[in-house]
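Trainee: This note's numbering numbers the first residue of the sequence shown as 9 and each following residue consecutively.
C-beta atoms are modelled at their ideal positions from N, C-alpha and C, and glycine is treated no differently.
Note that the structure is predicted; figures quoted are calculated from it, not measured.
Below are the structure tokens for one structure; questions will follow.
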Amino acid sequence: MNISINNADKSHTLNQSKIAFKGYDARSLSAVVMTVNDEPDSFEIIKQMSEIGKKEGFRVYFTNQTNKLYANLDSIKKFFKICTFGFAKWAQDMAVLTPENKVLQDSLRIDSDFARRVATLTKGKYTDCENYIEGGNLFFVKNNGKEELFVGANELLKNSVDSLKQKYGVSKVIPLPQADFHLDLFIRPLNNKKVLVADDRLTIKAIRKAIENIGKYKISQKCTKEEIKELDDVKSGLKLLLKDFEKDVKKGKNPKAYEIASVLKNNGYTPIFVPGRVYYSIPAARKDDLVHYLNYMNAVVHQKNDGSLVFITNKSNLNKYYGLTPEISEKIGFDFEKMFTDALKPYVKKENIYFIEGRSGKIAELLENEGGGIHCMCNEIPAEFVRKT
């Protein structure tokens, strides 16, 4: 099939670069490819991602149903006027771009068009892959000039370490304890061998502190009756959330943050614990399936030319649900986004952290009902492979 880029976007055709591959931890992005096309509310996800890309220096492409890649939002929007079907929305999992500029896709898939379109951007080689690992369950990282692979430990049930080294062109394979369905739901590599790890204990600590701060504020300030009611409603809601979340964390069968951190440390990486998720669990025989109310780990990270990082993640409905308005947040020093941005302060500037929402809270709905967020929806094209012309 002859795969082309829409005429309106020909000026943005990408060519192969000679810059060495730097890893998928935090790299400069040339583009991301998205396929979200299940209902009109999803268009806002692509629109918001495109606006961020325009500001921060990478392109956002959409592909679905045709043999073209679209970057013009007016061209993309027509696909969302009615509910239509095409590729699955989880672009991250549909094709994997390796450090050797190979685009891998599951050999069992009937439709290979998406992977072929990714390959047109990198001028790379497309190939079918046996025992394929979905992109959400692996990360390519750089360690002292060598490419290494983080992979969910469950993948070793069908792949040997030697076969993974050869398949993905890496010098080392590091299996990480499977604390959720995919790695990108509980870790997020940054740069310089730093890796964010979701530590549920920190989330619990932050919510407890918020509840304490409400009590302190009421004592130290002259509050109106209306203000007291507002604060008490927030406190009651947070106490219920805390009770349920503590119970799920305590009874959870999945590996804990410290177990993941231990593996990272033993392999030369620096784990950074962050309050990155809120969930409830559905008990299973050997593990728990997690349903996320909030997940900031599932993120796209872009490194700008000055070396600073851009962190693009998912907006949650929890602030709205628990009445954490900007005014109340200022009074008590807490809301869920502030909880996370404060944890990232040493590594990412606040103004470089984005929370994608979609229309009518679409991202939060996808997280809770379908188990995926913005990282799952973006197939990333590193600038190490391609450049704009």
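Determine, using beta carbons only, whether residue 182 and residue 157 come nearer to each other than 8 angstroms.
Mentor: yes
Trainee: Under 6 angstroms Cβ to Cβ from residue 56, same chain only, skipping five residues before and after it: list those, please.
Mentor: 364
Trainee: Considering only residues of the same chain and omitting the five flanking positions on each side of residue 72, which have a CB-CB separation below 7 angstroms?
Mentor: Within the same chain, residue 72 has close Cβ partners 43, 45, 87, 94 and 95.
Trainee: Can you give the Cα-Cα distance for residue 390 and residue 198, rounded to whole angstroms?
Mentor: 14 angstroms
Trainee: Are the Cβ atoms of residue 252 and residue 287 separated by less than 8 angstroms?
Mentor: no
Trainee: Can you give, in chain order, each stretch of the alpha helix (DSSP H) that sits fully within the region 73-158 and has at least 4 residues?
Mentor: Correct list: 81-85, 99-102 and 121-130.
Trainee: With a threshold of 16 other CB atoms inside 10 Å of the CB of residue 383, please say whether the residue is buried or exposed.
Mentor: With 16 or more other Cβ atoms within 10 Å, it is buried.
Trainee: Let me know the secondary structure DSSP gives residue 379 once reduced to three states.
Mentor: coil
Trainee: Distance check for residue 328 and residue 29, CA to CA, integer angstroms please.
Mentor: Here residue 29 scores only 39 on pLDDT, less than 50, and its place in the model should not be relied on; the value that follows carries that caveat. The alpha-carbon of residue 29 is positioned some 41 angstroms away from that of residue 328.
Trainee: How close, in whole Å, do the beta carbons of residue 322 and residue 371 come, if the pair is a contact with beta carbons under 8 angstroms?
Mentor: Taking C-beta atoms under 8 angstroms as the contact rule, residue 322 and residue 371 qualify, at a distance of about 5 angstroms.
Trainee: Assuming residue 188 and residue 298 make a contact with CB atoms under 8 angstroms, what is their CB distance in whole Å?
Mentor: 5 angstroms
Trainee: Exposed or buried, residue 31, counting other C-beta atoms within 10 Å across all chains shown (16 or more means buried)?
Mentor: Here residue 31 scores only 42 on pLDDT, less than 50, and its place in the model should not be relied on; the value that follows carries that caveat. Buried.
Trainee: Considering only the alpha carbon of each residue, which of 313, 117, 308 and 325 lies closest to residue 319?
Mentor: 308
Trainee: Just the C-alpha distance for residue 239 and residue 246, rounded to the nearest angstrom, thanks.
Mentor: 11 angstroms
Trainee: If we ignore side chains and look at the alpha-carbon of each, how far apart do residue 3 and residue 195 end up?
Mentor: For residue 3 there is no data in the structure shown, the boundaries of the chain being 9 and 397.
Trainee: From the DSSP secondary-structure annotation, give me the bridge partner or partners of residue 50.
Mentor: Among the bridge pairs identified by DSSP, residue 50 is matched with none.
Trainee: Would you mind working out which of 274, 285, 174 and 217 sits nearest residue 205, comparing C-alpha positions?
Mentor: Distances from the CA of residue 205 to each of 274, 285, 174 and 217 were compared; the closest alpha carbon is that of 285.
Trainee: In the DSSP output, what is residue 42 paired with across the bridge?
Mentor: 70
Trainee: Ordered along the chain, which non-local residues of its own chain (more than five positions away) have a Cβ less than 8 angstroms from that of residue 9?
Mentor: The pLDDT assigned to residue 9 is 37, lower than 50, so where the model puts this residue is not dependable, and the model offers no usable value.
Trainee: Residue 142 to residue 173, Cα distance in whole Å?
Mentor: 16 angstroms
Trainee: Just verifying my parser: in three-state terms, what is the DSSP assignment at residue 384?
Mentor: coil
Trainee: Give me the residue from 316, 243, 52 and 223 with the minimum Cα distance to residue 355.
Mentor: 316
Trainee: Using the C-alpha atoms, what's the distance from residue 97 back to residue 117?
Mentor: Between residue 117 and residue 97, the C-alpha separation is close to 15 angstroms.
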